[in-house]
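Here's the structure, in C-alpha cells; my notes come after.
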Amino acid sequence: MTVADPGAPRAAFAPWDRRELPGMFGVVETARRVGNYKWIEMRLFEALGGWVATVPELDVKLVLGRQCYHHAWHAELWNKRLPELREMKTERLTQPPNDAMVTFVDALRDPEAPELTIEKLVGVYRVLLPRKIAAYTFHMNATSRITDAPTIRSLKFALQDELEDWREGEMLLQTLIQTPDDVARAARRQQELEELIRGAGGITGPGTLGEIDGSTEPSADAAAAAQEGVQEGVKVG
Amino acid sequence: MKKILPVEELARDSRFVRRPIEDAISDPRQARLAERNTGSARLEPDRPAAGDRARQLMHGIFVGELQALEGAGRTTFDFTDEEIPFQLKLDMARQCWDESRHCEISVKLSEHMGSEIGEFAEATFLYEAACAPDALLRLTGVNRALEGLAIDVFNTMKEFGEGSGDPVLSACEDWMLADEVTHVKMGSDWLRRLTEDDPERRELALEFQRTVDKLFSLGGFRGETDENPIQLARRFRELAGFSTEEIDELADVTVEAQEEARAAVAQSDGSSA
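These protein sequences, in sequence, are chains A and B.
Just so it is clear: in the first sequence, position 32 is 32 by the numbering used here, and no numbers are missing.
Take any residue in the second sequence, note its place counting from 1, add 237, and you have its number in the numbering used here.
Okay, here's the thing in C-alpha cells:
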C-alpha cells in the first residue's frame, strides 16, 4: 500500500485556491465603508419598523416586520466588525458618507399615509436595496479574500438577505401596481429617489463602485471588480 | 414620517372592526354574564360555548400580536441613536420578526379553528401602551405587563389544545410561549439596565406596569381561581425574570380588579333599580 509522505512539502494554497493579495481597500477605508453600511442598515430597519403600523396591507405589514430584523442583524454584524478594524468607538464611524445621503434617507422615509404603500416599497425595493446589493457585491469582489475574509463573510450573509428581501419586496410591488396611474406613481417615485442617491454617490459616497480616485470614470481595476460583482451577485442569490 | 404614531392612525384593511377598550370594560353585560354561575369560568373544552370562546380568544391573540409588532416597530423608529441604546433597538427589531411570525401563526390557527380575520372586534389597548413617549414605559407596559399577559394567555390556550386533543394548537402555542418568555425577559433586563442608577425612574416605570396589569386583569379575566378564564402562568413568569413577590403582587392585583368589577355591577344595578 502506498502511503502519502506526511513530510513532503505542499504549497500553502491548493491549486484551485486563487485568493490574492492585496485587495483594493486598506484597513481605514474598509472601516469607513463598514461604518456607512451600519448607518444605512440602521436607518433602513428603523424605517421598516416605523412603517409597519402605517401600511394597511396585511401581507406587506408582516413582511416589513420580518425584514426589519434582517437589516438590524446586518447592522449588528457591522457593529461587531468595526472594532476589529481598529475603531473602538463604533459610533464614530456609524455615519452617512455625506449630507446628500441624509437627504436621500429623509426622502425615502418620508411617506407615512396608509395610501402610500407603493411609494414606501419603491424606495426600498427599487432604489435602496439595488444600491446596497451593488455596494456589497463590489466590496466583496474588490477586497482581499485573505486579509479581509471576515468582512467578506458578513457581506455574504447580508447579500443573501438583501437578494431574497429584494425579490419578495418586488413581488409585493408587482401585486400592488395595478393601474397605469400606479405605474406612473412608482416610476415617479423611483426617479425622485434615484436622483437623490445618485447625488450622494451611492451607499458609501462617490467611489461606492470603484471611483476611489475621484475621477468620473472608474479605474480599470474598479470596473473589472464591479463587473465581476455583477456576476458574483447572481451566484449568491 | 412623524415620531409617535397615534392609535387612531393605525392602518387596517376593511375587515377589521375597532372597539374602544373602555366599552368592553364598562359593558355591564360582561359582569352579569359572569354572575350566571354556570360553574368554572376557566377555558376548558367541556365548558358551554368553549369553541366560540377559544375562537374569540384566538382572534384576540392575533390582533394583540399585530399591535405588538406595530409597537415594537415604532420603538425602533421613534427614538434616536442618542435616546436609546443600539442594542435595545436591535432587540425591538428582533421582536418585530417574532411578532410577525406570531401573526402568521395566529392567522393560520384561526382558520384551523374555523374563524377568520374580522369575525371579532379589535381593541387597541396594546398599541396604546406601546405609544408611551418614554421608551422605558413601553418596556414595562408592553414587554413586562402585556407580554406577561400573553404568557398567561398562551399557556391557557396551550392547555386548552392539550385538553381538547388538538396537537396543532398546543404545539403552536408552545412555540409562541417560548418567544413571549424571551420578550418579557428582554423587558426585565432592559428595565434593570436602564434604571441601574435611577431608582426613582425605575419605580415610576413599575407603577406604569402595575396600572397596565390591573387594567388588563379586566375585571377577573385573569387570575388564579375558577372564576378566571385565563390563569396566571407562574412557572413561565419565573423563567421570564419575574420574582415570586412580583407574581404574588400581580395575583393580588387581579383579585382587586375582580372586586372592583363586582362593585361596579352592584352600583349599576342600584342606580337602574
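In this text, a Cβ means the ideal position worked out from N, Cα and C, and glycines have one as well.
These figures come from a predicted structure and were not determined experimentally.
- Message: I'd like to know if Phe-314/B contacts chain A, where contact means its C-beta is closer than 8 Å to some C-beta of that chain.
- Response: By 1-based counting over the second sequence, the position of residue 314/B is 77. Judged by the 8 Å Cβ criterion, Phe-314/B is in contact with chain A.
- Item | For Cys-333/B, the first and last residue of its enclosing alpha helix (DSSP H) | Reading the second sequence from its first residue, position 96 is the one you call residue 333/B. Taken as a continuous stretch (DSSP letters only), the alpha helix (DSSP H) holding Cys-333/B covers 323–349.
- Query: Taking the alpha-carbon positions, what's the Leu-121/A to Pro-265/B distance?
  - Reply: What you label residue 121/A is simply residue 121 of the first sequence in a count that begins at 1. What you label residue 265/B is simply residue 28 of the second sequence in a count that begins at 1. About 46 Å.
- Does the count of Cβ pairs from the stretch 366–381 of chain B and the stretch 442–450 of chain B closer than 8 Å reach three? A contact is defined here as three or more CB-CB pairs under 8 Å, and the stretch 366–381 of chain B meets this definition with respect to the stretch 442–450 of chain B.
- Using Cβ-Cβ distances below 8 Å, what residues of the stretch 120–135 of chain A are close to chain B? none
- Message: For the structure I just gave you, are there three or more beta carbon pairs, one from the stretch 401–413 of chain B and one from the stretch 342–358 of chain B, closer than 8 Å?
- Response: By the Cβ test, the stretch 401–413 of chain B is in contact with the stretch 342–358 of chain B, since at least three Cβ pairs between them sit closer than 8 Å.
- Item | Opening and closing residue of the alpha helix (DSSP H) in which Gly-144/A lies | Within the first sequence, residue 144/A is the residue found at index 144, counting from 1. First, the residue type needs correcting, since residue 144/A is Ser and not Gly in the sequence shown. Segment: none, Ser-144/A is in no alpha helix (DSSP H) and carries neither H nor E.
- Item | Straight-line Cα distance separating Ala-291/B from Thr-481/B | Numbered from 1 along the second sequence, position 244 holds the residue referred to as residue 481/B. Numbered from 1 along the second sequence, position 54 holds the residue referred to as residue 291/B. Answer to the nearest angstrom: the Cα atoms are 29 Å apart.
- Item | Met-350/B vs Met-295/B beta-carbon contact at 8 Å | Indexing the second sequence from 1 puts residue 350/B at position 113. Indexing the second sequence from 1 puts residue 295/B at position 58. Their beta carbons are under 8 Å apart, which means Met-350/B touches Met-295/B by this criterion.
- Message: What residue range does the alpha helix (DSSP H) around Gly-49/A cover?
- Response: Stepping through the first sequence from its first residue, residue 49/A is reached at position 49. Segment 27–52, the alpha helix (DSSP H) holding Gly-49/A.
- Message: In the DSSP output, what is Gln-468/B paired with across the bridge?
- Response: If you number the second sequence from 1, residue 468/B lands on position 231. DSSP, once it has assigned bridges, lists Gly-460/B as partnering Gln-468/B.
- If you measure beta-carbon to beta-carbon, which residues of the stretch 51–69 of chain A are closer than 9 Å to chain B? Trp-51, Val-52, Ala-53, Thr-54, Val-55, Pro-56, Glu-57, Leu-58, Lys-61, Leu-62, Val-63, Leu-64, Gly-65, Arg-66, Gln-67, Cys-68 and Tyr-69
- Message: Beta-carbon within less than 7 Å of Ile-133/A's beta-carbon, same chain only, minus the 5 sequence neighbours each way: which residues are those?
- Response: On the first sequence, residue 133/A is found 133 positions in, with the first residue counted as 1. Counting only Cβ-Cβ distances below 7 Å, and skipping sequence neighbours, we find Leu-159, Glu-162, Leu-163, Trp-166 and Gly-233.
- Message: From the DSSP secondary-structure annotation, give me the bridge partner or partners of Glu-359/B.
- Response: Position 122 of the second sequence holds residue 359/B. DSSP lists Arg-255/B as partners of Glu-359/B.
- Report the rounded CA-to-CA distance for Asp-321/B versus Pro-15/A, giving the unit in angstroms. Start at 1 with the first residue of the second sequence, and residue 321/B comes out as number 84. Start at 1 with the first residue of the first sequence, and residue 15/A comes out as number 15. Before going on, a small fix: residue 321/B reads as Ile here, not Asp. Cα to Cα, Ile-321/B sits roughly 51 Å from Pro-15/A.
- Query: Taking the Cβ atom as the reference point for each residue, do Ser-337/B and Leu-62/A lie within a distance shorter than 8 Å?
  - Reply: As a first step, residue 337/B must be located in the second sequence, where it is residue number 100. As a first step, residue 62/A must be located in the first sequence, where it is residue number 62. Cβ distance < 8 Å, so Ser-337/B and Leu-62/A count as in contact.
- Message: By the DSSP assignment, the alpha helix (DSSP H) with Ser-480/B in it spans what residues?
- Response: By 1-based counting over the second sequence, the position of residue 480/B is 243. No alpha helix (DSSP H) holds Ser-480/B; DSSP gives it neither H nor E.
- Residue of Gly-288/B, Ala-387/B, Asp-328/B and Asp-389/B minimising C-alpha distance to Ser-401/B: As a first step, residue 401/B is located in the second sequence; it is residue number 164 there, counting from the start. Nearest option by C-alpha distance: Gly-288/B.
- Query: Considering Asp-289/B, what are the terminal residues of the alpha helix (DSSP H) in which it resides?
  - Reply: Looking up residue 289/B in the second sequence gives position 52. From DSSP, the alpha helix (DSSP H) with Asp-289/B extends over 287–315.
- Rounded straight-line distance, which links the Cα of Val-102/A to that of Arg-33/A: Residue numbering aside, residue 33/A sits at position 33 when the first sequence is read from its first letter. Residue numbering aside, residue 102/A sits at position 102 when the first sequence is read from its first letter. Distance between the alpha carbons of Arg-33/A and Val-102/A is about 16 Å.
- Query: Leaving out the 5 sequence neighbours to the left and right, which residues in its chain are closer than 8 Å to Met-329/B when beta-carbon positions are compared?
  - Reply: As a first step, residue 329/B is located in the second sequence; it is residue number 92 there, counting from the start. Closer than 8 Å at Cβ, skipping near neighbours: Ala-309, Gly-310, Thr-312 and Thr-313.
- Task: Please determine, among Asp-5/A, Gln-174/A, Glu-84/A and Ile-40/A, the residue with the shortest C-alpha to C-alpha distance to Val-28/A.
- Result: What you label residue 28/A is simply residue 28 of the first sequence in a count that begins at 1. It is Glu-84/A.
- Query: How long is the line joining the alpha carbons of Asp-17/A and Phe-25/A, rounded to whole angstroms?
  - Reply: Position 17 of the first sequence, counted from the start, is the residue given in the question as residue 17/A. Position 25 of the first sequence, counted from the start, is the residue given in the question as residue 25/A. If you take the alpha carbons of Asp-17/A and Phe-25/A, they lie about 21 Å apart.
- Task: Going by CA-CA distance only, name the one from Leu-209/A, Leu-196/A, Gly-169/A and Arg-10/A that's closest to Asn-141/A.
- Result: Numbered from its first residue, the first sequence carries residue 141/A at position 141. Taking only the C-alpha atoms, the option nearest Asn-141/A is Leu-209/A.
- Message: Quick check on Glu-341/B - is its C-beta less than 8 Å from some C-beta in chain A?
- Response: Against the second sequence, residue 341/B aligns to sequence position 104. Chain A, which has a Cβ nearer than 8 Å to the Cβ of Glu-341/B, makes this yes.
- Item | Outcome for Ser-251/B when other beta-carbon atoms lying within 10 angstroms are tallied against a minimum of 16 | Counted from its first residue, the second sequence places residue 251/B at position 14. Classification for Ser-251/B: exposed.
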